[in-house]
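To keep things clear, I will list the structure first and then write my remarks on it.
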Amino acid sequence: MTTKLSGRLPRRHRFSARTRLAFSYAVLVIICGVVLLTVLVAYLGFGPEYSFGPVAADDDGESVIIVPDHPDGGSFAVEVQSREDLITLLITVSAVVLMALSALSSLAAWWLAGQMLRPLARINEAARIAASGRLDHRIGLSGPRDEIVDLAQTFDTMLDSIERYNASQRRFAANASHELRTPLAAAKTIIDVALAKPDPVNREVLERLAHLNARSIRTVESLLDLAEVEAGEQQATAVELDEIVSEVVDQYAPAASARGLSVERRLAPAVAQGEGRLLVQMVQNLVENAVRHNCDGGLIRVCTAMVPAAEGAAHAQLRIESAGQLLDPEVVAGLAEPFRTGQGRADGNSRGLGLAIVAAIVDRSRGRLDLAARPGGGLIVTVTLPCAEAGPTAATEQAEAADGQAGGLSSAGE
Numbered sequence: 001m002t003t004k005l006s007g008r009l010p011r012r013h014r015f016s017a018r019t020r021l022a023f024s025y026a027v028l029v030i031i032c033g034v035v036l037l038t039v040l041v042a043y044l045g046f047g048p049e050y051s052f053g054p055v056a057a058d059d060d061g062e063s064v065i066i067v068p069d070h071p072d073g074g075s076f077a078v079e080v081q082s083r084e085d086l087i088t089l090l091i092t093v094s095a096v097v098l099m100a101l102s103a104l105s106s107l108a109a110w111w112l113a114g115q116m117l118r119p120l121a122r123i124n125e126a127a128r129i130a131a132s133g134r135l136d137h138r139i140g141l142s143g144p145r146d147e148i149v150d151l152a153q154t155f156d157t158m159l160d161s162i163e164r165y166n167a168s169q170r171r172f173a174a175n176a177s178h179e180l181r182t183p184l185a186a187a188k189t190i191i192d193v194a195l196a197k198p199d200p201v202n203r204e205v206l207e208r209l210a211h212l213n214a215r216s217i218r219t220v221e222s223l224l225d226l227a228e229v230e231a232g233e234q235q236a237t238a239v240e241l242d243e244i245v246s247e248v249v250d251q252y253a254p255a256a257s258a259r260g261l262s263v264e265r266r267l268a269p270a271v272a273q274g275e276g277r278l279l280v281q282m283v284q285n286l287v288e289n290a291v292r293h294n295c296d297g298g299l300i301r302v303c304t305a306m307v308p309a310a311e312g313a314a315h316a317q318l319r320i321e322s323a324g325q326l327l328d329p330e331v332v333a334g335l336a337e338p339f340r341t342g343q344g345r346a347d348g349n350s351r352g353l354g355l356a357i358v359a360a361i362v363d364r365s366r367g368r369l370d371l372a373a374r375p376g377g378g379l380i381v382t383v384t385l386p387c388a389e390a391g392p393t394a395a396t397e398q399a400e401a402a403d404g405q406a407g408g409l410s411s412a413g414e
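For the record, in the sequence shown the residue sitting at position 180 is 180 according to the UniProt record's numbering, with numbers rising by one throughout.
Structure, rendered in structure tokens:
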């Protein structure tokens, strides 16, 4: 009969890290002392030749120890009658010294191990607090930079990122619920009012319902795009960013012309590392925002270039400047959050997801997104992406993505 064990096997008892570290130090000192003693005994036992003569005696019959003169004027005398006596004396003295050093080194190792492991106890406590659901606690370890300090600072950075992510998800869930509930509630009201009337539903009611449904569909599609960008796996290639920008600007040229917008292009070669399909979507959202939120007869300036980075490598940069209403710096700082626009919350004409999708794409591409209020009104958007060598299939991938995505103003406004 066989017995099937369930669960995990009980863990063997282990001493604490401090005990094991102190014990390791002490054993190392003892081993070094034993090796040194062994070498000395072997050398004295088999190395030099010694001559041992009889011990002189005085007239009373007592031993006389002859002490030779030391060159420095000092003297040192040890009575040794044979080789065995010399080795025995050496072993005895060395053993006593070794035991004393072993005891002192064990105490010193115990204290030193405690000092070295004390920061780990703080890290362990912070991890325990974070596991309980509290993400506001920080280790705050300072001092000379070493592996443990780096670990503590990395742990604090991780907690900061998790806390920001959780807060962002909570805000996103609340905003998404609000934005989806509003048009659905309005549609329900319109339907109820239409049904309460004895007359047949007229075309105006149907058009209003169609508009609200289209608005809800656009919101859901934008949310799905945002979720796909944040959850998908990156398949980065070399992408010619200037060609993407040129094609997208051409696509939105009719909409810009209809509003009398002046479009300036300064497109220098810029090769970025990223996923072509997502970078096309990023540029489309940015150009759409520049057209949608501009003022009639306003300006759009689009620039691409390679810019030097702090570490010496070049980065691909896209800069889009658009005219528009005056924006407060605090409002600009929140434009990349879902359902945020220059007017605060999203309205009927803008879903407030365009820049949120752009921010997610830039973050996934390991780039940087900078937003700044334009003097005189409007917005300046700067996207900096890692550079790469242009690949043979990049242009084809970009062209296919550009042809398949936008033929006019899309739904993901600022």
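Heads up, the beta-carbon is just placed ideally off N, CA and C, and yes, glycines get one too.
{"Item": "Quick test of your reading: Ala-252 and Glu-288, contact by CB under 8 Å. State the CB separation rounded to the nearest angstrom.", "Value": "Note on residue identity: the sequence assigns Tyr, not Ala, to residue 252. Right, the Cβ-Cβ distance comes to about 7 Å (below 8 Å), so this counts as a contact."}
{"Item": "With H, G and I counted as helix, E and B as strand and the rest as coil, what does DSSP make of Gly-377?", "Value": "coil"}
{"Item": "Between the C-alpha atoms of Val-307 and Pro-144, what's the straight-line distance to the nearest angstrom?", "Value": "35 Å"}
{"Item": "Give me the DSSP bridge partner(s) of Ile-320.", "Value": "Val-302, Val-381"}
{"Item": "Taking its Cβ as the centre, do 16 or more other Cβ atoms sit within 10 Å of Asp-347, making it buried, or is it exposed?", "Value": "Low local confidence applies: a pLDDT of 44 at Asp-347 is under 50, so the model's placement there is unreliable, with the coordinate-based value given in what follows. Classification for Asp-347: exposed."}
{"Item": "Can you look up Glu-147 in the DSSP assignment and give me helix, strand or coil?", "Value": "helix"}
{"Item": "Of all the options Thr-182, Leu-184, Leu-117, Tyr-165, which has the alpha carbon lying nearest to the alpha carbon of Thr-152?", "Value": "Sequence inspection shows Ala at residue 152; the Thr mentioned does not correspond to that position. The candidate whose alpha carbon is nearest that of Ala-152 is Leu-117."}
{"Item": "Note the first and the last residue of the continuous beta strand (DSSP E) segment covering Gly-354.", "Value": "Counting along the chain, Gly-354 falls outside any beta strand (DSSP E), though it belongs to the alpha helix (DSSP H) covering 354-364."}
{"Item": "Straight-line CA distance for Leu-98 to Ile-91?", "Value": "10 Å"}
{"Item": "Since Gly-276 is in the alpha helix (DSSP H), which residue starts that stretch and which ends it?", "Value": "276-292"}
{"Item": "Mapping DSSP to helix, strand and coil, what is Cys-295?", "Value": "coil"}
{"Item": "Tell me, which residues are paired with Leu-371 by DSSP?", "Value": "Val-381"}
{"Item": "When you compare the segment 99-116 with the segment 27-41, are there three or more beta-carbon pairs, one atom per stretch, that lie closer than 8 Å?", "Value": "yes"}
{"Item": "Quickly, what does DSSP pair Val-239 with across the bridge? List them, please.", "Value": "Ala-272"}
{"Item": "Can you name the start and end residues of the beta strand (DSSP E) that residue 431 belongs to?", "Value": "The displayed coordinates of the chain run from 1 to 414. Any statement about residue 431 would go beyond what the structure contains."}
{"Item": "Does DSSP put Pro-198 in a helix, a strand or coil?", "Value": "coil"}
{"Item": "Specify the secondary structure class of His-137 as computed by DSSP and reduced to three states.", "Value": "coil"}
{"Item": "Quick check on Ile-361: buried or exposed, where buried means 16 or more other Cβ atoms within 10 Å of its Cβ?", "Value": "buried"}
{"Item": "Near Leu-141, what residues of its chain come up, given a Cβ to Cβ distance below 6 Å and the 5 sequence neighbours on each side ignored?", "Value": "Pro-119, Val-149, Ala-152"}
{"Item": "Alpha carbon to alpha carbon, how far is Thr-219 from Gly-354? Give it in angstroms, no decimals.", "Value": "11 Å"}
{"Item": "Quick one: grab the DSSP three-state call for Ala-336.", "Value": "coil"}
{"Item": "Using DSSP's beta-bridge definition, name the partner residues of Val-307.", "Value": "His-315"}
{"Item": "Of the choices Val-332, Val-302, Pro-375, Asn-294, whose alpha-carbon is the least far from that of Glu-247?", "Value": "Val-302"}
{"Item": "Excluding the 5 residues flanking Arg-266 on each side, which residues of the same chain have their C-beta closer than 6 Å to its C-beta?", "Value": "Cys-303"}
{"Item": "Looking only at its own chain, which residues have a Cβ that is under 7 Å from the Cβ of Leu-369, when we skip the five neighbours before and after it?", "Value": "Ala-336, Val-358, Ala-359, Val-362, Val-383"}
{"Item": "Which value, in whole angstroms, describes the spacing of the CA atoms of Gln-115 and Ala-314?", "Value": "44 Å"}
{"Item": "Roughly how many whole angstroms lie between the Cα atoms of Ser-106 and Leu-40?", "Value": "24 Å"}
{"Item": "Quick one: grab the DSSP three-state call for Asp-403.", "Value": "Legend: pLDDT at Asp-403 = 43, less than 50; position of this residue unreliable, no value from coordinates given."}
{"Item": "Closer than 7 Å by C-beta to Ala-372: which residues in its own chain qualify, once you throw out the five before and the five after it? Chain order, please.", "Value": "Val-332, Ile-380"}
{"Item": "Figure out for me which residue from Thr-237, Gln-281, Arg-259 has the closest Cα to the Cα of His-293.", "Value": "Arg-259"}
{"Item": "Between Gly-33, Ser-132, Val-283, which has its C-alpha nearest Val-93's C-alpha?", "Value": "Gly-33"}
{"Item": "Tell whether a beta-carbon distance below 8 Å holds between Pro-183 and Ser-216.", "Value": "yes"}
{"Item": "Taking the continuous alpha helix (DSSP H) assigned at Ser-142, which residues delimit it?", "Value": "Neither: Ser-142 is in no alpha helix (DSSP H) and is coded neither H nor E."}
{"Item": "Check this for me: beta carbons of Pro-386 and Gln-317, under 8 Å apart or not?", "Value": "no"}
{"Item": "What does residue 415 pair with, by DSSP beta-bridge criteria?", "Value": "Residue 415 lies beyond the range of the chain shown here (1 to 414); nothing can be said about it."}
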